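2 protein chains.
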Amino acid sequence: MSYRAPVQDIRFALEEIAAMDGLKATGAFPDLSGDLTAQVLGEAAKLANDVLAPLNWPGDRQGCTLKDGKVTTPDGFPQAYQKFVEGGWQGLQFSTDHGGMGLPVAMGCALMEMLQASNMAFGLGPMLSFGAIEALIAHGTTEQQELYLPRIMTGEWSATMNLTEPQAGSDVGALRTKAQPNSDGSWAISGQKIYITWGEHDCAENIVHLVLARTPDSPAGTKGISLFLVPKFLPDDSGNPGERNAVTAIGLEHKMGIHGSPTCTMEYDNATGWLVGEENKGMACMFTMMNSARLNVGVQGVGIAERAYQQALAFAKDRRQGRAPMTQGEAPHAIIDHPDVRRTLAVMKAKIEAARAICFHTAVEADYAEHHDDEEERAWSKRREDLLIPIAKAWATDVGVEVTSLGIQVHGGMGFIEETGAAQHYRDARIAPIYEGTNGIQAMDLVGRKLAMAGGAAIRELIEDIRQTIEDLATSSNPDLNGLAEDLGPACEALEAASDWMSKAAGEDKLSGATAYLKLAGDVVGGWLLCLGALSAQRILKHGDGDEAYARSRISLTRVYAETVLSAAPGLVPQIRLGAGALFDPGEAMLESA
Amino acid sequence: MSYRAPVQDIRFALEEIAAMDGLKATGAFPDLSGDLTAQVLGEAAKLANDVLAPLNWPGDRQGCTLKDGKVTTPDGFPQAYQKFVEGGWQGLQFSTDHGGMGLPVAMGCALMEMLQASNMAFGLGPMLSFGAIEALIAHGTTEQQELYLPRIMTGEWSATMNLTEPQAGSDVGALRTKAQPNSDGSWAISGQKIYITWGEHDCAENIVHLVLARTPDSPAGTKGISLFLVPKFLPDDSGNPGERNAVTAIGLEHKMGIHGSPTCTMEYDNATGWLVGEENKGMACMFTMMNSARLNVGVQGVGIAERAYQQALAFAKDRRQGRAPMTQGEAPHAIIDHPDVRRTLAVMKAKIEAARAICFHTAVEADYAEHHDDEEERAWSKRREDLLIPIAKAWATDVGVEVTSLGIQVHGGMGFIEETGAAQHYRDARIAPIYEGTNGIQAMDLVGRKLAMAGGAAIRELIEDIRQTIEDLATSSNPDLNGLAEDLGPACEALEAASDWMSKAAGEDKLSGATAYLKLAGDVVGGWLLCLGALSAQRILKHGDGDEAYARSRISLTRVYAETVLSAAPGLVPQIRLGAGALFDPGEAMLESA
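Chains as they are written, first to last, in UniProt numbering: chain D, 1 to 594; chain C, 1 to 594.
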């Protein structure tokens with residue numbers, strides 16, 4: 001059940017596919033270099049491999065407990081969190097102006113993958129703090145920033161996001177938590193929030209809750225929502241945790257997975273809070289966090305899939321059953337040599353690499369969108385980021401579920417036994433398609449908002465990029481790369497056809513095909529990025545200036561993806577075009593079990 | 001969390017799609033009639049709905065315990081088992097000559113679906129006894145049959161299958177349990193068996209273990225395996241449970257799901273047993289059970305999917321969030337009216353119906369293979385049964401996992417909370433693709449043995465049948481049915497092309513594409529059978545002699561399946577042709593996480 005952070009794979013995706021090194025030219029990351037990347041990722045890998053990974057399975061068994069409003073996390077979590085704080089990891093991707101390490105968001109994603117892979121339940125704590133830091137940098141007052149940011153940035157204090165209420169899930173606008181103004185400029189927050197990740201715990205000395213609530217006489221729906229900062233302990237005059245605020249964990253969810261992550265019901269009973277950003281503009285503040293949070297959940301899909309994959313691969317090398325058709329030597333042979341098992345592993349690996357590439361490409365574009373010195377380039381990258389965020393979130397988390405399920409399957413009967421550990425990954429992975437906007441919500445965002453952005457520019461630009469890659473593959477001197485073009489070409493045409501259809505379809509027809517469209521888009525974008533990697537690998541082979549065996553493996557793995565995933569992509573177009581009529585005209589009777 | 005057995009859906013699949021009524025003409029089922037079917041299924045539904053379903057969730061929470069070799073099943077299980085015994089359900093599908101009810105295997109499958117849907121952990125007990133009855137009817141001595149069959153047939157005694165050992169999972173031939181002859185004609189069985197479903201429990205007064213073991217000097221591998229009957233209590237002279245035999249449950253697995261089903265490690269310490277069938281022919285005896293057991297596991301996939309679907313449908317009608325684009329009236333609207341949710345539900349329902357149709361068609365053909373008075377017809381039906389068994393097992397259990405996962409997704413955040421119950425179905429469903437031969441083993445059986453049977457006759461005959469249906473659809477007066485032909489046609493061509501490729505491919509290439517081929521075959525066969533149902537529905541509409549609203553729903557649901565699943569089927573052909581070279585030529589390096 002050990003985990004070894006795949007530093008070479010991560011660097012390949014960051015540097016060879018997502019071209020993170022180009023960010024140096026923006027001037028925002030003067031120290032960025034291959035050496036720095038190697039050093040930072042190497043240190044992060046130590047934390048993940050040696051500190052967090054061993055706590056994963058015991059944490060699942062033990063879970064969290066709530067007593068008298070206090071949450072106890074699994075044994076070892078508080079100590080591991082201290083090591084996370086000591087490493088300064090929470091501030092990795094934030095500006096040095098605010099006390100961060102000043103590295104790209106893309107490096108933050110790489111760190112996040114390792115945290116989530118090594119211990120998803122633990123990794124959720126830092127993930128939530130990431131989002132809160134972003135919101136405070138973007139929308140907090142100078143006073144709020146000076147008081148809270150340094151302490152959240154170190155990890156000494158953690159942070160949460162409080163959106164959901166029982167009647168307000170996907171429909172955030174239905175929330176009812178109230179904020180009443182106090183005479184001193186603060187607000188009194190009252191209401192109940194559910195599903196609050198790391199809402200209460202014993203790892204940090206204070207917890208800063210970012211809470212969506214309604215002020216008196218605010219407009220209905222999302223236009224009447226404001227964001228408030230509500231600390232567990234009110235900072236005293238020195239900024240240290242002082243008086244206990246009236247916010248309490250009153251329940252812990254009994255979940256299928258991520259048992260080590262306390263999912264709390266939080267009660268706010270005239271708790272003292274401060275407005276973040278403008279009144280009634282809370283949704284805008286949430287959207288600031290949202291892109292980052294959704295990308296990080298996509299990365300979580302990558303991480304949990306990688307973890308499950310490593311375990312399945314190790315098992316397949318070790319477990320011997322029967323005679324494999326192409327294997328010499330005495331049976332029983334290792335099951336990795338059985339074609340069906342090897343295919344399963346190859347497809348798992350290829351999909352993980354594709355999902356990782358989608359997430360890291362999105363992250364690098366987010367960095368460009370923030371830091372490029374050319375305004376048009378910033379806008380281009382922002383469009384790309386915005387387009388890919390729902391794909392990164394939904395496609396990568398679906399891969400997380402699929403790969404962890406295949407991980408169980410590779411184990412056979414042992415996969416169903418909890419002690420093996422494969423089942424935990426499968427249980428843990430299942431939350432990621434749900435939270436931060438269900439994958440259905442992502443698909444609606446993609447077809448409803450993102451395709452229409454700037455007159456459809458983002459998808460057009462994406463298809464242009466893919467076409468360029470097809471041409472590069474087709475004109476390569478390596479016939480293996482020519483072969484990739486034969487799968488990427490029709491897949492790209494399918495994406496274009498489906499996108500054209502979407503641009504003309506009625507709203508309800510778009511929504512009826514949204515999930516299928518997102519799958520097609522993810523299949524194609526993932527394949528395109530793997531092909532970019534194959535082109536990089538070909539350059540390494542040509543110039544002999546890198547790990548040639550590794551480069552060859554990248555091309556081989558891309559072929560597996562192309563011939564299994566990309567080749568099936570055109571077949572998805574008809575179901576995208578299904579239309580609402582097929583679903584709604586027959587009435588609910590069609591859906592009844594009779 | 002309630003469950004209502006879908007009697008009308010089940011009858012439609014049995015009677016309109018699988019044409020079970022035709023079995024009456026064989027003479028083997030003289031009482032078979034629509035009335036009898038309705039009455040039997042109605043009674044079975046009462047047991048499932050009222051007795052078993054309410055025990056499902058508490059059974060998951062409580063699980064089983066082992067103390068001093070005794071297993072305690074969850075509260076209510078022993079009483080529910082008594083009701084199962086009182087109803088005579090265990091003998092439903094077995095000849096009256098042996099004390100059964102003398103109904104078709106297809107009716108047994110219908111019962112099995114209800115048992116598994118209402119309470120999968122409970123249903124496993126009867127499922128295992130079904131298989132043992134078949135083995136004893138086919139291979140037991142008259143003495144064994146007279147002593148054991150009546151008691152297992154009533155359910156007073158239950159039965160198990162003991163194959164797996166730690167080193168012998170998919171490779172049964174690697175087992176080591178020993179059988180030494182005793183002087184009185186009995187045998188002394190020694191060894192350890194793992195993953196023994198209902199190996200020990202408190203529901204029946206005796207447990208009859210069917211155990212695979214090796215006799216002295218037996219040949220290596222599967223050719224040296226014999227089957228033994230080992231009762232927990234040795235029958236006394238009156239045939240009642242007497243002396244305790246030396247077989248003990250020494251461990252209970254801690255599993256991800258089916259917590260109410262005791263999965264035991266069994267220790268045989270010179271336990272007394274009797275040979276069933278000939279020495280060294282144990283595998284043949286196991287194969288007798290295997291078809292039935294594999295079909296029943298496929299039915300289990302249908303059952304657990306149906307259960308999850310009913311829960312998701314009820315939730316989607318009840319839960320209100322946001323504004324649905326095509327819905328009048330004040331928001332929030334029920335989420336069933338959101339196109340993405342409705343599509344999810346429609347696809348779930350369509351796949352369940354397809355999986356049910358595959359299983360019941362297979363079962364009816366199994367009945368014909370046994371009872372048709374024409375030898376050629378028997379052989380034809382046997383080929384069809386043999387061809388479809390791996391598809392029924394693997395495709396339907398994959399649908400079980402997929403649909404239970406979608407069931408969670410429909411629930412959003414609540415789906416991940418154990419108290420909701422959706423998570424249990426997802427956890428329970430995950431075992432079905434693993435046991436009774438993993439789905440990879442099924443795929444290998446399909447491409448390695450079943451396609452080649454009788455010179456490829458079975459797949460040719462299947463494709464002929466599908467072609468006939470395409471013609472019937474294309475010439476229908478109902479344009480909706482003409483539309484179905486447009487999806488079924490290319491899907492059938494894809495299956496034919498893939499089958500042709502398989503017939504010529506090298507062994508390792510076949511195996512590399514086996515899982516993808518099985519998926520294609522299931523997608524197409526499921527669609528074909530739904531189309532048969534649509535043709536039946538059209539006849540009902542034309543003659544006005546049935547439930548017309550229901551008939552219209554069947555056609556509408558078939559359209560959803562055709563436009564989502566069948567339309568994507570041709571896209572699966574390239575990945576079937578992937579070939580072993582793409583997987584093995586790059587070496588294991590391609591699979592390493594670096």
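Where is the CB? At the ideal position from N, CA and C, for every residue including glycine.
Given the structure is predicted, the values throughout are model-derived calculations rather than measurements.
### Query
For Leu-234(C) versus Ala-132(C), is the C-beta distance shorter than 8 Å?
no
### Message
Below 8 Å on the Cβ atoms is my contact criterion, and I expect Thr-164(D) with Lys-193(D) to pass it. Report the Cβ-Cβ distance as a whole number of Å.
### Response
6 Å
### Query
According to DSSP, what are the bridge partners of Thr-265(C)?
Gly-251(C)
### Task
Take Met-256(D) and list the residues in its own chain whose beta-carbon comes closer than 7 Å to its own, dropping the five residues that flank it on each side.
Arg-427, Arg-430
### Message
Using DSSP's beta-bridge definition, name the partner residues of Met-161(C).
### Response
For Met-161(C), which the question treats as bridged, DSSP gives the partners Leu-210(C).
### Message
I'd like the ranges of any alpha helix (DSSP H) spanning at least 4 consecutive residues and lying wholly in the segment 106–181 of chain C.
### Response
Qualifying alpha helix (DSSP H) stretches, in chain order: 120–139, 142–154.
### Task
Check whether the Cβ of Lys-255(C) lies closer than 8 Å to any Cβ atom in chain D.
yes
### Query
So with Cβ pairs under 8 Å, would you call Ile-196(C) a contact of chain D?
no
### Whole-angstrom C-beta distance between Pro-150(C) and Trp-198(C), which should lie under 8 Å
That belief does not hold up - the Cβ atoms of Trp-198(C) and Pro-150(C) are roughly 20 Å apart, past 8 Å.
### Task
Can you have a look at Ser-2(D) and say buried or exposed, based on whether 16 or more other CB atoms are within 10 angstroms of its CB?
Its Cβ having fewer than 16 others within 10 Å, Ser-2(D) is exposed.
### Task
Please determine, among Gly-260(C), Ile-389(C), Ala-505(C), Ser-183(C), the residue with the shortest C-alpha to C-alpha distance to Ala-80(C).
Gly-260(C)
### Task
Verify the CB distance criterion: does Leu-518(C) have a CB-CB separation below 8 Å to chain D?
With its beta carbon at least 8 Å from every one in chain D, Leu-518(C) lies outside the interface.
#### Entry: Buried versus exposed call for Leu-578(C) [16 or more other C-beta atoms within 10 Å across all chains shown]
buried
### Query
Where does the unbroken beta strand (DSSP E) through Arg-460(D) begin, and where does it stop?
No beta strand (DSSP E) holds Arg-460(D); the alpha helix (DSSP H) holding it covers 457–474.
### Task
List the whole-angstrom C-beta distance separating Gly-59(C) from Pro-78(C), where the pair is believed to meet the contact cut-off of C-beta under 8 Å.
Their Cβ separation, rounded to whole angstroms, is 12 Å, which puts Gly-59(C) and Pro-78(C) out of contact at 8 Å.
### Message
Short of 7 Å in beta carbon distance, which residues of its chain neighbour Thr-362(D), apart from the five on each side in sequence? Order them along the chain.
### Response
Leu-295, Glu-385, Leu-388, Ile-389, Ala-392
### Query
To the nearest angstrom, how far is it from the Cα of Ser-183(D) to the Cα of Gly-282(D)?
21 Å
### Message
Under 8 Å, Cβ to Cβ, is there at least one residue of chain D near Ser-553(C)?
### Response
Interface residue, yes.
### Task
Kindly list, in the order they appear in chain D, the residues whose Cβ is closer than 7 Å to that of Gly-507(C).
By Cβ distance, chain D contributes Pro-325.
### Query
By how many angstroms is the C-alpha of Gly-76(D) removed from the C-alpha of Ala-562(D)?
43 Å
### Query
Any residues in the segment 286–310 of chain C with a beta carbon nearer than 9 Å to a beta carbon of chain D? Which ones, in chain order?
Listed in sequence order: Glu-306, Tyr-309, Gln-310.
### Query
Going along chain C in order, which residues have a C-beta closer than 7 Å to the C-beta of Tyr-550(D)?
Ala-594
### Query
Going along chain D in order, which residues have a C-beta closer than 8 Å to the C-beta of Ala-568(C)?
Ala-568, Gly-571, Leu-572, Pro-574, Gln-575
### Pro-339(C): contacting residues in chain D (beta-carbon distance under 7 Å)
Glu-508, Leu-511, Ser-512, Ala-580, Leu-583
### Query
Beta carbon of Leu-572(C), beta carbon of Ala-516(C): below 8 Å?
Taking 8 Å as the Cβ cut-off, Leu-572(C) and Ala-516(C) qualify as a contacting pair.
### Query
Pro-332(C) versus chain D: which residues are under 7 Å apart at the beta carbon?
Those within 7 Å of Pro-332(C) in chain D are Asp-171, Ala-174.
### Message
Mapping the DSSP letters down to three states, classify Gln-39(C) as helix, strand or coil.
### Response
In this structure, Gln-39(C) counts as helix in the three-state DSSP scheme.
### Query
Just the Cα atoms here: how many angstroms apart are Thr-37(D) and Arg-11(D)?
Using only the alpha carbons, I get a separation of about 8 Å.
### Task
Spatial neighbours of Gly-421(D) within its chain, please: CB distance less than 7 Å, with the 5 preceding and 5 following residues excluded, ordered by chain position.
Met-1, Trp-57, Gln-311
#### Entry: Where the beta strand (DSSP E) containing Lys-232(C) begins and where it ends
Counting along the chain, Lys-232(C) falls outside any beta strand (DSSP E), and DSSP gives it neither H nor E.
### Message
Could you check whether the Cβ of Lys-504(D) sits closer than 8 Å to any Cβ belonging to chain C?
### Response
no
### Task
Measure the alpha-carbon distance for Glu-45(C) versus Leu-92(C) and round it to whole angstroms.
Reading off the sequence shown, one finds Ala at residue 45(C), where the question assumed Glu. Distance between the alpha carbons of Ala-45(C) and Leu-92(C): 14 Å.
### Task
Please confirm whether Val-230(D) and Ala-271(D) have their CB atoms less than 8 Å apart.
yes
### Three-state class that DSSP yields for Ser-381(C) in the structure shown
helix
### Message
Going by C-alpha to C-alpha distance, which of Ala-188(C), Arg-449(C), Leu-557(C) sits closest to Leu-481(C)?
### Response
Looking from the CA of Leu-481(C), the closest CA among Ala-188(C), Arg-449(C), Leu-557(C) belongs to Leu-557(C).
### Message
Three Cβ pairs or more, each shorter than 8 Å: is that satisfied between the segment 122–136 of chain C and the segment 172–191 of chain C?
### Response
Judged by Cβ distances under 8 Å, the segment 122–136 of chain C makes no contact with the segment 172–191 of chain C, as fewer than three pairs qualify.
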